[in-house]
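Everything below concerns the one structure shown next.
Residue numbers (UniProt numbering): 1 to 428.
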C-alpha cells in the first residue's frame, strides 16, 4: 500500500483524514522543494528585469510598449530528467502543462511512491488548476486569423488551451484513473484544487490525489492587461532595483510582480464575497469568512495556529487587485492581533504566481510547520497598516514556538473568490 494511501486514517465523524506525503515545487527560485525553501530562507529572490528572450517570439516586437518590465519566471536553463520537458514536447504541451508535469513528478519523488498496481492507479486522482495561462496561444491564433492564415493553426491548439490540459497530462503521464479535476478560480485556483482534492479523499472518492496549481502567462498580453488594471509594480523598473519590486505589507508597495510556476501536493474554507470583480470589499469580509470556515473544518482553534502565509500580493489600496491592508484587517479580525501569530508573504521572493500561488504557498506553509520556521517577507521595511499585525515577519526568518501545531494559508482571486487552507501536524 503506498504511503499516500496508507497514511489516510479514519476520523470519528466517518471522514478520512488527509495527510500530505509529498511536495513538488517548480518556482522562480528553482526546481524542487528543498531549493525553493532554502532560497526563501536565505532571502533570495526570483524577481528580476524582463529580458527580451522571456517573451514568446511573436510578442517581442511589443516589448517597447510594456509599462511594466519586472517579472519572476522559472529558470529556463535548469536540467530536468523528465522527457516531457524536452523541446519536442513544447509543441504538444503549453508551458503551463510542462510546469505542472514537473511539479507532479517532484511530488511523487518526494513522497517516495508512484502508483504501480491497477488498484492503486484506479484509486489515485489528479486535481490541478490553471488561472489564465493561454494568452500566448490565443494571441498567436488571432494574428493568424488577421492574416488570413488560419489553415496554419497548430493541430495542438485546442488541447494546449484547455484549462484541464495540465491535469489531463499528469493523469496520462502516470496512468492515474481516479477523479480528474481542474479548478479555475483566478489567484485562488491552487488552493481550491487542494481543498477539492482533500474532500475527494475524505469522502472516499479517491485514496490519493495529486493536487495543486500551475501558471505560465509571462507574455506581452498578460503584462499589458494587468498594467491596464494598474495592478503591476512599475516604481522599481529600471536602475537595477527590480528585485525590490515585490514588497508585501510594505508602505512603498505599488503593485505585484507577475510570476509563473507550479505546486503539487493534500483541510479548507471557501467563500464568495459578491463585492467586485477585481477588488475586495474594504472590510475584508470574504477573507474573514474563509479563515474561520477553514478552522472549523480542521477542528482547529485560532489559538492553535502558529503561522499564516498571507496572500499579500504587494498591492496598495485602490489598485485593480487584492490589497494587502484588507487582508491584514481580516487576519486581525479572525486572530485578534495575537503577538505570537507569525504572518508573512513569500511573494516577496517569488512574485505572484496567480493560479499556482495557492498551491506553492500551501507548500511553504507545510514546510514552515515541518521545520518550525516562518519564512521571511522580503523587502518589508515599513509595515503598513502599522501595528495591525504585531507578528508580521520581516526580511529575516522567524523560529516558531516549540510544538507549533497548525498553520493557515490564504488565497484570494478576481471574481470575489476566497480560500483558506489549514494544515495540522499528523498524529502518527
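Where a beta carbon is used, it is the ideal one built from N, C-alpha and C, also for glycine.
Taking all protein chains in view, the Cβ of residue 228 is surrounded by fewer than 16 other Cβ atoms within 10 Å, so the residue is classified as exposed. A buried status is given to residue 250, since no fewer than 16 other beta-carbon atoms sit within 10 Å of its beta-carbon.
Comparing alpha-carbon positions, the option among 40, 207, 210, 287 lying closest to residue 416 turns out to be 287. The residue from 328, 422, 334 with its alpha-carbon nearest to that of residue 364 is 422. Spatial neighbours of residue 312 in its own chain (CB-CB distance under 7 Å, excluding positions within 5 residues in sequence) are listed in chain order as 248, 249, 324, 327, 345, 347.
Annotation for residue 34: the continuous alpha helix (DSSP H) segment containing it runs 33 to 41. By the Cβ test, the segment 169 to 176 is in contact with the segment 104 to 114, since at least three Cβ pairs between them sit closer than 8 Å. One Cα belongs to residue 129, the other to residue 256, and the distance between them is close to 21 Å. Straight-line spacing of the CA atoms in residue 420 and residue 53 works out to 36 Å. With respect to residue 362, residue 265 sits close: the two C-beta atoms are nearer than 8 Å. For residue 232, same chain residues with a beta-carbon under 6 Å away, outside a window of 5 residues either side, are 68, 226, 255 in chain order. Fewer than three beta-carbon pairs drawn from the segment 403 to 418 and the segment 380 to 388 are found closer than 8 Å, and the two stretches are therefore not classed as touching. Linking residue 122 to residue 299 through their CA atoms gives a straight-line distance of about 30 Å. Residue 376 places its beta carbon 8 Å or farther from that of residue 360. Non-local beta-carbon contacts of residue 315 in its own chain, meaning distances under 7 Å to residues more than five positions away in sequence, involve 231, 253, 255, 256, 321, 322, 323, 324 in chain order. Residue 16 and residue 221 do not touch by the CB rule: their CB atoms are close to 43 Å apart, not below 8 Å. As the crow flies, the alpha-carbon of residue 115 is around 19 Å from that of residue 194.
DSSP places residue 165 inside the alpha helix (DSSP H), whose first and last residues are 165 to 174.
Assignment of residue 141 by DSSP, reduced to helix, strand and coil, places it in the helix class. Look at the segment 322 to 379 and you find these whole runs of alpha helix (DSSP H), each 4 residues long or longer: 324 to 335, 347 to 350, 357 to 371. Taking C-beta atoms under 8 Å as the contact rule, residue 24 and residue 178 fail to qualify, at a distance of about 18 Å.
Judged by DSSP in its simplified three-state form, residue 250 adopts strand. From the listed residues 389, 349, 292, 329, the smallest Cα separation to residue 340 is found for 389.
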